[in-house]
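Numbering (this note's numbering), first residue to last: 75 to 252.
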């Protein structure tokens, strides 16, 4: 069992989930989840054009100007708080600042997702400890090896939880910016 890989995957998933949550800051990653219907295939928005960010606005300069309508529709369908403006060969997306209530709800959701990630990390530690106990009972490893393994698993768990807490703190800071 590769505890480091499992923890790393859990942390990356958590960070990806945090990026999806709306905050006061607008980044090009705010639209990473948007998929556009390009000739019958759903493609990521970033494959449709060059994306840049200015203040509370994202500008998408399309590689194919005929895709303007499809890109605008995909963004409108994915975001209730974005105003989409179509221009020749480009799409502008304006974001209104989130209300205090919205920021508080987002913070609650971020905290909930952090706790879920921590629970998953702890489950990985338990699986590792169970594996070590099983190996000890079948005499594959010694008691000292088991204790060392459990200590290492605990250290890896502590480190992963620190990373989750740091990512959550960054999101909280981001949510306070208006």
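We put the beta carbon where it would ideally sit given N, CA and C, even for glycine.
Straight-line Cα distance separating residue j from residue i
i	j	result
residue 208	residue 220	10 angstroms
residue 248	residue 99	7 angstroms
residue 156	residue 242	24 angstroms
residue 129	residue 80	37 angstroms
residue 246	residue 84	20 angstroms
residue 134	residue 108	13 angstroms
residue 104	residue 202	36 angstroms
residue 214	residue 89	37 angstroms
residue 87	residue 131	26 angstroms
Sub-9 angstroms separation of residue i and residue j beta-carbons
i	j	result
residue 188	residue 238	yes
residue 136	residue 127	no
residue 145	residue 119	yes
residue 114	residue 142	no
residue 261	residue 171	Missing from the structure shown is residue 261; the chain here goes from 75 to 252 and no further.
residue 191	residue 95	no
residue 153	residue 167	yes
residue 217	residue 210	yes
residue 93	residue 106	yes
The ligand SAM heavy atom lying under 8 angstroms from the CB of residue i
i	result
residue 247	Judged by which ligands are present, the structure shown has none, so any question about the ligand SAM falls away.
Extent of the continuous beta strand (DSSP E) run through residue i
i	result
residue 161	156-161
residue 129	Looking at the DSSP string, residue 129 is not in any beta strand (DSSP E), and its letter there is neither H nor E.
residue 109	109-112
Burial state of residue i, where buried means 16 or more other Cβ atoms lie within 10 Å
i	result
residue 177	buried
residue 231	buried
residue 240	exposed
residue 199	buried
residue 193	exposed
Extent of the continuous alpha helix (DSSP H) to which residue i belongs
i	result
residue 94	77-94
residue 239	217-250
residue 178	174-211
Residue i - DSSP class collapsed to helix/strand/coil
i	result
residue 145	helix
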